[in-house]
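Here the structure is laid out as structure tokens; the discussion comes afterwards.
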Amino acid sequence: MPLNLTRSRQLQQRAESLLPGGVDSPVRAFRSVGGDPPFLVRAEGAYLYDEDGNRYLDMFGSWGPMILGHAFPPVVEAIREAAGFSASFGASTAAESTLAGLVQQCFPSLEKMRFVNSGTEACMTAIRLARGFTGRKFVIKFEGCYHGHSDAMLVKAGSGVATLGIPGSAGVPDETVMHTIALPYNDLEAVRQAFATRPREIACIIVEPVVGNAGTIAPLIGYLEGLRDIAHQHGALLILDEVMTGFRLSLGGAQQLYSIKPDLTTLGKIIGGGLPCAAFGGRADIMNHLAPLGPVYQAGTLSGNPLAMAAGIATIEHLIANQHTIYPRLAKTTAEIASGVAAIATERGIKLTTNQVGSMFTWFFTGNEVFDYASAATSDTAAFGRFHRAMLENGVWLPPSQFEAAFVSIAHGEVEVALILEAAGKALRR
Ligand code: HOZ
Numbered sequence: 081m082p083l084n085l086t087r088s089r090q091l092q093q094r095a096e097s098l099l100p101g102g103v104d105s106p107v108r109a110f111r112s113v114g115g116d117p118p119f120l121v122r123a124e125g126a127y128l129y130d131e132d133g134n135r136y137l138d139m140f141g142s143w144g145p146m147i148l149g150h151a152f153p154p155v156v157e158a159i160r161e162a163a164g165f166s167a168s169f170g171a172s173t174a175a176e177s178t179l180a181g182l183v184q185q186c187f188p189s190l191e192k193m194r195f196v197n198s199g200t201e202a203c204m205t206a207i208r209l210a211r212g213f214t215g216r217k218f219v220i221k222f223e224g225c226y227h228g229h230s231d232a233m234l235v236k237a238g239s240g241v242a243t244l245g246i247p248g249s250a251g252v253p254d255e256t257v258m259h260t261i262a263l264p265y266n267d268l269e270a271v272r273q274a275f276a277t278r279p280r281e282i283a284c285i286i287v288e289p290v291v292g293n294a295g296t297i298a299p300l301i302g303y304l305e306g307l308r309d310i311a312h313q314h315g316a317l318l319i320l321d322e323v324m325t326g327f328r329l330s331l332g333g334a335q336q337l338y339s340i341k342p343d344l345t346t347l348g349k350i351i352g353g354g355l356p357c358a359a360f361g362g363r364a365d366i367m368n369h370l371a372p373l374g375p376v377y378q379a380g381t382l383s384g385n386p387l388a389m390a391a392g393i394a395t396i397e398h399l400i401a402n403q404h405t406i407y408p409r410l411a412k413t414t415a416e417i418a419s420g421v422a423a424i425a426t427e428r429g430i431k432l433t434t435n436q437v438g439s440m441f442t443w444f445f446t447g448n449e450v451f452d453y454a455s456a457a458t459s460d461t462a463a464f465g466r467f468h469r470a471m472l473e474n475g476v477w478l479p480p481s482q483f484e485a486a487f488v489s490i491a492h493g494e495v496e497v498a499l500i501l502e503a504a505g506k507a508l509r510r
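The sequence shown stops at residue 510 when you use this note's numbering, and every number in between is there.
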């Protein structure tokens, strides 16, 4: 039965007259999966509710932040309390150091850090800092990895750029990306060659340690260690972009899971408990190059915003206190969902490759193993689009792109696993 989305369509018309594409971020427009997005009015736990009264099981978690589920009471309470004291000061507060202390407890490699408002800002500034610290210009990134929408990173990017099937972005002059080197993920030889071609010119390697923005792709054994070793042999820095993986794959993110100590790390999403917040940090000698201590400039009126700090503190305190139950449970629930649907596909002769790391996963509509962007791109995106639309009609909201990870929260349990398997049983057709 098609969903009744009458009010959503009215709201979309108004939105389209005021906002380009009716959205504030391109992938929300559902262009690559066909159909139009329901307009949401509230969410609780693992469920989203739209303006027409439809309910959906949330499998994208606001693109990652909602690890505790929606409207988690301690987070709601913390935001409420902070709001009563003012939404913004633009001056220092104790909460910034409280959150920084909690982050450092989880990520010991962040000897110092700075809070910003988005993953884009965190990555853009971490790269500027790496360039300022090393005095070098070139940056290595990987195809299908997405580090926000700063000019230098819009080269062979994942997320919405891959979703829309475009090479980069108009408005980015060639001169701005001439120092960005894009290489295939999981290929150390390509990295060695890049350093051999440009010895002493490469400032840093930035990588999603587990890719989420081309769909979920895990690093091959030894890959992350290899990146660190090659970078360090050549006097370059390793930046782990843990905007998605931080606090998600383990309390200490991918760097804890894979025992890799980067020079710099970027964090976002979960760190703000759903409010706009991100951070970058790492070695103190590098971070001390930031203004006002050093010559690398960065600033932000709303950085360290008190509401975002409060939501982040409440979220991370809960994760720390319950880490030994939360992370194993998340991985178990995710495995049940990911492999349960994969089994249905196999039974029906549908080619599906399932990649899962902790509570991130992707069903790629391909028979090939997916280990880099080129292999992810062998997916049948039209088949994914049909699956997405059918799942939505059956009450399950997947990320609206083949090239985005799905996320599970602590609000997902046995009932939700059963619900998604039932929906997939109806949606998966040859
Ligand atoms: N980093 C987010 C997921 N790839 C972006 C979400 C969006 O594009 O709206």
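Quick reminder that beta carbons are idealized off the backbone N, C-alpha and C, glycines included.
Locate the beta strand (DSSP E) running through residue i, then write down its first and last residues.
i, result
"Thr433", "Thr433 to Val437"
"Lys511", "The chain is shown only over 81 to 510; residue 511 falls outside these bounds and no answer can be derived."
"Asp343", "Per DSSP, Asp343 belongs to no beta strand (DSSP E) and is neither H nor E."
"Met440", "Met440 to Phe444"
"Thr260", "Thr260 to Leu263"
"Tyr377", "Element bounds for Tyr377: n/a, residue is neither H nor E."
"Ile285", "Ile282 to Val287"
"Ile319", "Leu317 to Glu322"
"Val121", "Leu120 to Glu124"
"Leu337", "Counting along the chain, Leu337 falls outside any beta strand (DSSP E), though it belongs to the alpha helix (DSSP H) covering Gly333 to Leu337."
If you drop the 5 nearest sequence neighbours on each side, which residues of the same chain put their C-beta closer than 8 Å to that of residue i?
i, result
"Leu83", "Pro118, Asp132, Asn134, Leu472 and Glu473"
"Leu499", "Leu137, Gly475 and Val476"
"Val252", "Asp231 and Leu234"
"Val497", "Thr413, Glu416, Ile417 and Gly420"
Taking Cβ positions, are residue i and residue j nearer each other than 7 Å?
i, j, result
"Gly102", "Gln92", "yes"
"Ala486", "Phe451", "no"
"Gly292", "Phe483", "no"
"Phe213", "His369", "yes"
"Ala162", "Leu382", "no"
"Tyr453", "Gly224", "yes"
"Val241", "Val257", "no"
"Phe140", "Pro375", "no"
"Gly362", "Thr346", "no"
"Thr277", "Val219", "no"
"Ala316", "Ile282", "yes"
"Ile430", "Arg510", "yes"
"Gly215", "Ala456", "no"
"Phe360", "Ala210", "no"
"Arg469", "Gly115", "yes"
"Pro106", "Ile350", "no"
"Lys192", "Ala364", "yes"
"Leu307", "Leu318", "yes"
Could you check the C-alpha separation between residue i and residue j for me, to the nearest Å?
i, j, result
"Arg466", "Ser112", "10 Å"
"Ala298", "Gln185", "25 Å"
"Leu179", "Asp460", "42 Å"
"Asn433", "Pro289", "It should be pointed out that residue 433 corresponds to Thr in this sequence rather than to Asn. Going from the Cα of Thr433 to the Cα of Pro289 covers about 20 Å."
"Thr325", "Ala262", "21 Å"
"Asp343", "Lys217", "17 Å"
"Ala206", "Arg280", "19 Å"
"Leu120", "Leu85", "11 Å"
"Gly333", "Glu305", "16 Å"
"Trp143", "Gly302", "28 Å"
"Leu399", "Phe222", "30 Å"
"Phe275", "Cys284", "11 Å"
"Pro100", "Asp267", "38 Å"
"Gln313", "Lys341", "15 Å"
"Thr173", "Ala390", "11 Å"
"Tyr377", "Ala371", "5 Å"
"Ser97", "Arg108", "16 Å"
"Leu190", "Glu494", "36 Å"
If you follow the alpha helix (DSSP H) that residue i is part of, which residue opens it and which one closes it?
i, result
"Cys54", "Given a span of 81 to 510 for the chain in the structure shown, any question on residue 54 remains unanswerable."
"Phe464", "Thr461 to Glu473"
"His367", "At residue 367 the sequence reads Met, which differs from the His that was named. Start and end: Ala364 to Met367."
"Val103", "Careful: Val103 lies outside any alpha helix (DSSP H) and carries neither H nor E."
"Val196", "That residue, Val196, is in no alpha helix (DSSP H); its beta strand (DSSP E) goes Lys192 to Val196."
"Ala274", "Leu268 to Thr277"
"Thr458", "Here Thr458 belongs to no alpha helix (DSSP H), and DSSP marks it neither H nor E."
"Asp254", "Asp254 to Val257"
"Asp309", "Tyr303 to Gln313"
Between residue i and the ligand HEM, is the CB less than 6 Å from at least one heavy atom?
i, result
"Gly240", "The ligand HEM is absent from the structure shown, which contains only the ligand HOZ."
Keeping to the same chain, check which residues put their C-beta closer than 6 Å to that of residue i; ignore five residues upstream and five downstream.
i, result
"Phe464", "Phe445 and Gln482"
"Gly199", "Gly228, Val323, Gly348 and Ala358"
"Leu182", "Ile396"
"Leu355", "Leu387, Ala388 and Ala391"
Which same chain residues end up closer than 7 Å to residue i when comparing Cβ atoms and leaving out the 5 residues on each side of it in sequence?
i, result
"Ala491", "Gly125, Ala126 and Gly149"
"Gly170", "Thr381"
"Ala503", "Met471, Asn474, Gly475 and Val476"
"Ala394", "Pro154, Val155, Ala158 and Gly353"
"Gln336", "Ser330"
"Ser489", "Ala126, Gly141, Met146, Ile147, Leu148 and Gly149"
"Leu410", "Gly438, Ser439, Val488 and Ile490"
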